[in-house]
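Heads up, the thing below is written out as structure tokens.
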Amino acid sequence: MTNTPLTGRTIHIHRHQWHLAWDHSIPPVARVQSGEEVSFDLLDASCGQIVEGSTVETIRTLDFSRVDPVNGPIYVEGVAPGDTLEVEFLDLQPADWGWTAVIPGFGLLADDFPEPALKIWHLEGGADGWAEFAPGIRVPLAPFCGEIGLAPGLSGALSTIPPYRHGGNMDTKHLTRGARLYLPVEVPGALYSMGDGHAAQGDGEVCGTAIETPMRATVRLTVRQDIHVPEPQFLTPGPLAQRTNTASYYATDGIGPDLMEATRNAIRHMIDHLQRSYGLSRPDAYMLCSVIVDLKLCEVVDAPN
Numbered sequence: 007m008t009n010t011p012l013t014g015r016t017i018h019i020h021r022h023q024w025h026l027a028w029d030h031s032i033p034p035v036a037r038v039q040s041g042e043e044v045s046f047d048l049l050d051a052s053c054g055q056i057v058e059g060s061t062v063e064t065i066r067t068l069d070f071s072r073v074d075p076v077n078g079p080i081y082v083e084g085v086a087p088g089d090t091l092e093v094e095f096l097d098l099q100p101a102d103w104g105w106t107a108v109i110p111g112f113g114l115l116a117d118d119f120p121e122p123a124l125k126i127w128h129l130e131g132g133a134d135g136w137a138e139f140a141p142g143i144r145v146p147l148a149p150f151c152g153e154i155g156l157a158p159g160l161s162g163a164l165s166t167i168p169p170y171r172h173g174g175n176m177d178t179k180h181l182t183r184g185a186r187l188y189l190p191v192e193v194p195g196a197l198y199s200m201g202d203g204h205a206a207q208g209d210g211e212v213c214g215t216a217i218e219t220p221m222r223a224t225v226r227l228t229v230r231q232d233i234h235v236p237e238p239q240f241l242t243p244g245p246l247a248q249r250t251n252t253a254s255y256y257a258t259d260g261i262g263p264d265l266m267e268a269t270r271n272a273i274r275h276m277i278d279h280l281q282r283s284y285g286l287s288r289p290d291a292y293m294l295c296s297v298i299v300d301l302k303l304c305e306v307v308d309a310p311n
């Protein structure tokens, strides 16, 4: 069965109501009925450490223990372990600025980029706008939240940095306005939290950061007892590449017996292409890859030579 809305109210979760672990012992900051809307004022992934006027020195002193805060948790009445929580994304509004960084020791090519780098973006036009990376390079915005999840059934605190079967730091760029996410419930009330606003991101988020931004997010939380999912699943409101124009695109392959190393090589080749074609520095090309390049698996069945 699907539980329908009981009220027309919207619950608001404030910016200071955040936490840094997935843990079912964290008390809920609000309780809602199935089908009610909840709005969130979300910090950026740095938990406010990086601001619009920051320089690369901020990255050198970044406190990683404060990274990826999530707001909540929300107790949803009537949901029990074994049920599914449907999260419908009603509105996602980024701030007017964001950041992308190379953080030493983090990212797909961490060994290639030992030094920090930082790009501060100016975001124009809200959720349907653009951001300019460099003259002639504009990135369409497609806001979503990287962190979306429920409390685990296991006792103890789990880091917000990785993803889990109950959600977490999934960084799924397709969870934009109108999408519906289905999460498996492991504890009474589900204990829903979200955070990590992204104004735009490529599939893979290869340097470890997207266009990170504070965000106002509004979702509808609905108990679903008619469907059961073992891990997160989602439904988009339309084609996966809704903001992509009809122009041609350039792709670089990575081929090898190890999937991760093949992925690294594909991104290295794309960095080379961006340097040659647009005159970007290598760190800038790496950060741009994280924001606009989509990793794709062509096949996994034939062993390469």
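Under the numbering used here, the residue at position 223 of the sequence shown is numbered 229, and the numbers go up by one with no gaps. Here a beta-carbon is modelled for each residue, glycine too, at the ideal position from N, C-alpha and C. Keep in mind it's a predicted model, so treat the numbers as computed, not measured.
Asked, Found
"Exposed or buried, what is V57 when buried is set at 16 or more other beta-carbons lying within 10 Å of its beta-carbon?", "exposed"
"Check whether the segment 131 to 143 and the segment 73 to 81 touch, using three or more Cβ-Cβ pairs below 8 Å as the test.", "no"
"Tell me the rounded alpha-carbon separation between T16 and V93.", "14 Å"
"Spatial neighbours of M7 within its chain, please: CB distance less than 7 Å, with the 5 preceding and 5 following residues excluded, ordered by chain position.", "Only weak support is given to the placement of M7: the predicted model assigns it a pLDDT of 46, under 50, and the value that follows is read from those uncertain coordinates. Correct list, in chain order: Q231, D232."
"Using 10 angstroms around the beta-carbon of M176, count the other beta-carbons present and answer buried if the total reaches 16, otherwise exposed.", "buried"
"Can you name the residues that DSSP bridges to C151?", "G203"
"Spatial neighbours of G244 within its chain, please: C-beta separation below 8 Å, excluding the five flanking residues on both sides.", "G184"
"With distances taken from CA atoms, which of V212, S45, R37 is nearest A223?", "S45"
"Rounded to whole angstroms, what is the Cα-Cα separation between C304 and R37?", "44 Å"
"Can you have a look at H128 and say buried or exposed, based on whether 16 or more other CB atoms are within 10 angstroms of its CB?", "exposed"
"Between the beta-carbon of A116 and the beta-carbon of P122, is there less than 9 Å?", "no"
"The alpha helix (DSSP H) with E267 in it runs from where to where?", "265 to 284"
"For Y255, which of L265, F119, L280 has the nearest alpha-carbon?", "L280"
"Taking the CB atoms as reference points, tell me whether W28 and G174 lie closer together than 9 Å.", "yes"
"Measuring straight from C-alpha to C-alpha, what distance separates V108 and L286?", "15 Å"
"Hey, G188 and Q239 are a contact pair by Cβ (cut 8 Å); roughly how many whole angstroms apart?", "Inspection of the sequence shows that residue 188 is occupied by Tyr rather than by Gly. That belief holds up - the Cβ atoms of Y188 and Q239 are roughly 5 Å apart, short of 8 Å."
"Can you tell me which residues form a DSSP beta bridge with A27?", "S165"
"Measuring straight from C-alpha to C-alpha, what distance separates S165 and L147?", "28 Å"
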